[in-house]
Each structure stands twice: as structure tokens, then as C-alpha cells.
Amino acid sequence: MIEIKDIHKTFGENDVLKGISAVFKPGINNLIIGGSGSGKTTLLKCIVGLHEPTKGEVIFNGENFTQMNFEQRVPIRTHIGMLFQNSALFDSMSVEENIMFPLNLFTEMSKSEKLDRANFCLKRVNLEGKNKLFPSELSGGMKKRVGIARAISMQPKYLFVDEPNSGLDPKTSILIDDLINELTEEYKITTVIVTHDMNSVMGIGEHIIFLHNGEKWWEGSNHEIAHTDNKELNDFVFASKFMRAARAKL
Amino acid sequence: MVGVGIGSLGIIAIISVFIGAAVTIQTAFQLINPIIPKNVVGSIARDSTILEFSPTISALVLAGRVGSSMASQIGTMRVTEQIDALEIMGVNAPGYLISPKIIAGVTMIPLLVIVSVLLGFTGGYIACSVSSEVTTSDFISGLSDGFNPVIVTVCLVKSLAFGFIITSICSYQGFYTSGGALEVGQAATRGVVYSCVMILFFDLIISRMFL
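Quick note, the sequences are listed as chains A and B, same order.
If you're matching positions, the first sequence starts at 144 in my numbering and goes up one per residue.
If you're matching positions, the second sequence starts at 287 in my numbering and goes up one per residue.
Written out as C-alpha cells, the structure reads:
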């Protein structure tokens, strides 16, 4: 479980996050949604420690992450997997080497054990046999899946996903969503997903936080989102004609 | 190390041979006089090559070749979130990415400078063999005449310092890039410019300290 308490983040004069608190439970998909510039990615980066919050606390299973220095954070970081918006695969390494990279650094596994683990992760994301390809040889969807395989290679307790559907066609987007959903349920991972893809929101949004202008504006589930009277949330979720038509049929 | 050392050998070989030849021809042009022994040309070419041309010109060329490559490589890793991925995993990203480059710089650049010195002498020898002002035997005699080993020390200290300057400044510029492709290019340019200025500044400081 991850708990965030009163997170503020300021860049110069710009207050990007204004006191956000939430609890992200394991085994369900926790979504952070909001319009462009609402602070979603900044909040995610504050949670994982890529940005230091100006004020507030991030607590991983009772351990205060914000008060730790770099070395103290390493044991928690080994339990974190993250899928970046552009996958962030290491260009100079093959698919297999990318997946084995954290295993090489943080485990005592033998080479064959690491290879077995990499093959298992690749099988899990339906990319068997793609071990020797380089990131430049992969499509956008394949890169995302390799990113997921790398993220789960250390059997993480926490999975963070930044815009998993950006740049993907609708069918591949659903495949990625389903994969994240399966992994979250199967391994009881605390998964936090930043997205503004409404298919993801309606499909896998078991716990949703809506950010507006750096504040938590609404919290609920995908079942509740269709019936909310929150104006800003309605403007965001039902911005398209398709979504408005879908709501009218509910 | 392969990228810095073997990868730069070709360009260093070319500039060293040509500079060695040019220095010898120009020194001969200015010193051909009945009262000056002809082997002085070899001595002056030797000292100029060891003290200045090989370490400094090589370093300026390597700042452009190796430094810009390092800055853009690390800068691209930054803007494509690969460095964030390292940090998320708990890897000390500066140590993991920059330290090997600095080690490569301070080991391979002195070796390249030694090669450059030898090829500079070769260039001077070739220049003597195809011209009539100084004979090759005078040139070789001049190379060993009045040799002071301190110039080799100065040469190696310079190359060590320049290796550190190029790799650290360019890696720093790449590591703290933000934005996109435009900023990566700007970081590489900044890295090369700052490296060149610092190379010239430390060239002066080291020369003043040892000579």
C-alpha cells in the first residue's frame, strides 16, 4: 500500500500540486487522471522520488520514503517497477539485456536463472523469442510490452505506469491495459497509472483520482464516474461526442 | 574505452602526421642559416610537438569528436527518460554513466597523445625526406639533442588533465539536459565550447607550473 499525504510541489512561482492526499491499495488499478497540465505526471514523479515534494509525505507500506536519503531508498526502489511514457528502454541493450539489467544489479542469480526470468517475463507479455532485438527494431506497442517485462522482472510490489496508451492504436491500448490489469491482480501489485485515455478509465479504473489545476477534485471508481455531478470531471470525461452518447444510453 | 581510444585513432593519426610535417617545414624555413646548426630544426619540432601540438591540438580535436558524442549520448538518455529509469531502479546514475567515461578519458587520451607525438615525429621525418632544407639524419639528431625529460612529464600531465576536462564537462552538460532534441544539440555544443576554453586555460596553467 502507498499513502500520500498533503503533497505540494512548486516550480519557481508555479504551484503544480496543492496538497494531494490519497491511499493506493494493492491488487487494484489506481488511476490518476486529469487534463494536460493538471499535475498527474508531477504527482507520479513525486511518489517515485524523481521529484522531491515541496511539502508532504509519501509512505510505502509504513516507511516514509520522503525522509529517506538515496541509499535508504534503494531497498524500496528494488520493489518498484515503472513503465515510462516512451518506454525508456536502454537503446544500447537488446530486449533480453534490458530485462536482465535490474537482475544483474540487484540479485545474486546465476546467468541461466536470469535468462530464465527474462524469458518468463517476455512470455508473460507475449514477446517470446524477441530476446535479441534492439529497441530500435520494435514497434511502439512492443516497446511498451518490453517496458512492462523489465518493470516486472524484479517481481515488484509497486508498479507505476505513465501514459501507457500514448501513441498506441485502440486495440494495442486495450492489450496493454489488460496486461497491466492481469499482472496487478495476479501478483497483488500496488499499481498506479497516470492516464487521460477514457478507455482505460472506464475499463480498468477501479480506483480513480481526478486532478484539476493541481488539486484532487474527485475520487471514486469507474462505476461512479458516469453518474457524478462534478462539473470539471464531467467536462473532462465526457468531452467527446462518443462519450456523451455512451452516457445517454446508460 | 574503445570509443575514445580506438575510435579516435584515425583522426589523431591524420592530424599528427600533418602537423608534425608542417611544424618541421615552417621551423626549417625560419631557421635555415649558415650559423645555426641544422639539427636545431629537429629539436624545436620535438619540443613544439611534445609540449604543445600533440597534447593541445589532439585535446581540442577530441573535445569535438569524443566530447560532443558523450554529451549527446547522455543528453538523449536524459530526454528519453532512460536516466529516470536508472534512478527508479536505485542506480546511482551519475556514477553509472559518467565515471566509466572519465576513466576512459584519463587513460585513453594520454595514450592517444603518446601515439600523436610519435606520429608527429614521423610527419617531420617525412617532410625532411621530401624537402632539401634539412636532412633526415639532421632531423633525427635534433630529436635527441638536448632532450629534457621534463617536457614528457608536462605532456602527460596536460593530456591527463585534458582527458578529465573533456569527459567531465561534456558528461555534465549531457546529464543536466532538459527538453528535447534541440536542447541535446545545445548541450553538446556547450560541452565542446566549455571544454575547449578550459583546455586552453589549463594548457597555460600547467605550462606555467612546470616550465
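Cβ atoms here follow ideal geometry from the backbone N, Cα and C, with glycine treated the same way.
- Judged by DSSP in its simplified three-state form, A:I145 adopts strand.
- Not a single CB atom of chain A sits nearer than 9 Å to the CB of B:E338.
- Listed in chain order, the positions of the stretch 353-377 of chain B with a beta carbon within less than 7 Å of a beta carbon of chain A are T366, E367, Q368, D370, A371, E373, I374, M375, G376 and V377.
- Looking at B:I297, B:V290 and B:T313, the one whose alpha-carbon comes closest to that of B:A413 is B:T313.
- Straight through space, the alpha carbons of B:L405 and A:K287 are spaced by roughly 50 Å.
- Taken through DSSP and simplified to helix, strand or coil, B:M287 comes out as coil.
- Burial check for B:P320: the Cβ neighbour count within 10 Å stays below 16, so the residue is exposed.
- A:V337 places its beta carbon less than 9 Å from that of A:I176.
- The beta-carbon separation of B:G391 and B:S302, rounded to 19 Å, does not stay under the 8 Å limit for a contact.
- Distances from the CA of A:E239 to each of A:I368, A:T250 and A:K254 were compared; the closest alpha carbon is that of A:K254.
- Exclusion of the five residues before and after A:I317 leaves no residue of its chain whose Cβ lies closer than 6 Å to its Cβ.
- Taking the Cα positions, B:F339 is about 15 Å away from B:V327.
- Within chain B, the residues T366, E367, Q368, D370 and A371 have their CB atoms less than 7 Å from the CB of A:A231, given in chain order.
- For B:T439, there is no enclosing beta strand (DSSP E); the enclosing alpha helix (DSSP H) covers residues V436 to F461.
- Taking 9 Å as the CB threshold, A:I295 stays off the interface with chain B.
- For A:E206, the beta-bridge partners assigned by DSSP are A:F203.
- Rounded to the nearest angstrom, the gap between the Cα atoms of A:F233 and A:P299 is 20 Å.
- The DSSP-derived three-state label of A:N269 is coil.
- For A:L281, no chain B residue has a Cβ inside 7 Å of its Cβ, as the nearest lies near 14 Å away.
- Selection B:P396, B:V403 and B:S454 evaluated against B:V309 yields B:V403 as nearest (Cα-Cα).
- Residue pairing for A:E362: DSSP places it in a beta bridge opposite A:I352.
- At a cut-off of 9 Å between C-beta atoms, A:M225 counts as an interface residue with respect to chain B.
- The three-state secondary structure of A:F154, taken from DSSP, is strand.
- Closer than 9 Å to the CB of A:F203 there is not a single CB belonging to chain B.
- Looking only at B:G376, B:S329 and B:G471, the smallest Cα-Cα distance to A:Q215 is reached by B:G376.
- Taking one beta carbon from each stretch, the stretch 447-454 of chain B and the stretch 428-437 of chain B have fewer than 3 pairs nearer than 8 Å; the two do not touch.
- Here the alpha carbons of B:I305 and B:T342 stand approximately 12 Å from one another.
- Residue environment: A:T327 is assigned as buried (16 or more neighbouring CB atoms within 10 Å of its CB, all protein chains considered).
- Between A:T209 and A:F249, the C-beta gap is not smaller than 9 Å, which leaves the two residues out of contact.
- Under a criterion of Cβ atoms nearer than 9 Å, no residue of chain B is adjacent to A:T153; the nearest Cβ is some 17 Å distant.
- Listed by position along chain B, the residues whose Cβ is nearer than 9 Å to that of A:V268 form an empty set, because the closest Cβ is around 17 Å away.
- With distances taken between CA atoms, A:K148 lies nearest to A:F167 out of A:E156, A:F154 and A:F167.
- When secondary structure is reduced to three states using DSSP, A:K287 falls in the helix class.
- Taking B:S417 as the centre and dropping the five residues before and after it, the same chain places the C-beta of I311 and A314 closer than 8 Å to its C-beta, in chain order.
- Residue burial is scored here from C-beta neighbours: A:E306 has at least 16 other C-beta atoms within 10 angstroms and is therefore classed as buried.
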